[in-house]
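One structure is given below, encoded as structure tokens.
Numbering (our numbering), first residue to last: 572 to 774.
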């Protein structure tokens, strides 16, 4: 049975799109700064979380190509290794600005969590299309059950007769259609009838 799109919650969809675009816009200046630091390898989408959340560790892994450094049997922490490295110009400034984000309420409260929904393409952060598609589907509502399809079929059968009935109404009675039908009982036991007095007055 085919699904029929009933409606989309466009407000929620647009809110999500806005949030992801805002995250991309917030993070882009850091990506631009990264590109100005010499000798750093090209940044990829998979790098974003570590870059923003653990910058010192991230750069140690990038600059040492993942090599574990130790003195004797003691492994050195990323912070210590970072201090010993010969760092390219501009890296310290970039790391300081990234570490300062830990005190940024907007970053911690919103942007950090949304980083996983952006992609890096040709040095530009953009909302991840697959995620936007998931959001669109999440807030799309369909007629997809047997009862819903049966109800829609009956409604479509009723509509032409209802429209014909409206065309017969007196001009001054165009708002009286709801008084023509009567109802008794409730739920599935409700029975509909006709208000003959309303018919007399409305047509």
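For glycine and all other residues, C-beta sits at the position ideal for the given N, C-alpha and C.
No experiment lies behind these values; they were computed from the predicted model shown.
Beta-carbon proximity of residue i to residue j, cut-off 8 Å
i, j, result
"residue 748", "residue 737", "yes"
"residue 777", "residue 668", "A question about residue 777 goes unanswered here, because the residues of the chain that appear run from 572 up to 774."
"residue 685", "residue 594", "yes"
"residue 608", "residue 665", "yes"
"residue 634", "residue 656", "yes"
"residue 717", "residue 572", "yes"
Cutoff 7 Å; reference residue i; Cβ partners in own chain excluding five residues on either side
i, result
"residue 759", "none"
"residue 587", "706"
"residue 770", "751"
"residue 694", "602 and 606"
"residue 720", "572 and 714"
Neighbourhood of residue i by C-beta distance below 8 Å, restricted to the same chain and skipping five residues each side
i, result
"residue 702", "591 and 688"
"residue 560", "Because the chain here runs from 572 to 774, residue 560 falls outside it and cannot be looked at."
"residue 624", "683"
"residue 584", "706, 707 and 710"
"residue 766", "750, 751, 752 and 753"
Outcome for residue i when other beta-carbon atoms lying within 10 angstroms are tallied against a minimum of 16
i, result
"residue 631", "buried"
"residue 629", "buried"
"residue 776", "Absent from the model: residue 776. The displayed extent of the chain is 572 to 774, so no value can be given."
"residue 598", "buried"
"residue 662", "buried"
Backbone secondary structure at residue i - three-state DSSP
i, result
"residue 634", "helix"
"residue 752", "strand"
"residue 757", "coil"
"residue 692", "strand"
"residue 740", "coil"
"residue 710", "coil"
"residue 698", "strand"
"residue 661", "coil"
"residue 611", "coil"
"residue 594", "helix"
"residue 771", "helix"
"residue 765", "strand"
"residue 656", "coil"
Residues of its chain near residue i, where Cβ-Cβ distance is below 6 Å and the 5 sequence neighbours each way are ignored
i, result
"residue 774", "739"
"residue 845", "It is not possible to answer for residue 845, since the shown part of the chain is limited to 572 through 774."
"residue 754", "761 and 763"
"residue 715", "574"
"residue 678", "672"
Practice task
Give a yes or no on contact between the segment 703-711 and the segment 577-584, applying the rule of three or more CB pairs nearer than 8 Å.
Solution key: yes
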